[in-house]
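Read in the numbering used here, the sequence shown has 19 at position 19, and its numbers run on one by one without any break.
Yeah, the Cβ is synthetic: ideal placement off N, Cα and C, and Gly gets one too.
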Amino acid sequence: MNIYIGNLNHQTTEKQLHDLFTTFGVIDASKIITKQHSGKSRGYGFIEMPDQKEAENAIDKLNGFDVDGYFIIVNQAKQNNLTKTSM
């Protein structure tokens, strides 16, 4: 399942995001979306988890979770989010 993570602190790293989600299961990929020219975070990213139950548990537990002072938004990625970026 592809998971959308929004409202990320611009200082949050892919490693931090990856480490947070690995507590819930296996991760195939993690990506924080960055601005093309500056390389700075756009404040959102994606995690790909192969196991549906682990992904649903991560979404349930992490939606609204405080990461670096920001309450993150976590839900199943919608198709329109996926067409804007590629993991």
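If you look at A55, you'll find it in the alpha helix (DSSP H) that goes 52 to 62. Here K31 carries a strand assignment [DSSP, helix/strand/coil]. About 15 Å separates the beta carbon of A77 from that of N7, a gap too long to meet the 8 Å contact definition. Residue environment: F46 is assigned as buried (16 or more neighbouring CB atoms within 10 Å of its CB, all protein chains considered). Between the C-alpha atoms of I32 and I5 there is a straight-line separation of about 9 Å.
Distance from the CA atom of K61 to the CA atom of S30, rounded to whole angstroms, is 18 Å. Annotation: D28 to N57 spans about 16 Å, alpha carbon to alpha carbon. Bounds of the alpha helix (DSSP H) holding Q16 are 14 to 22.
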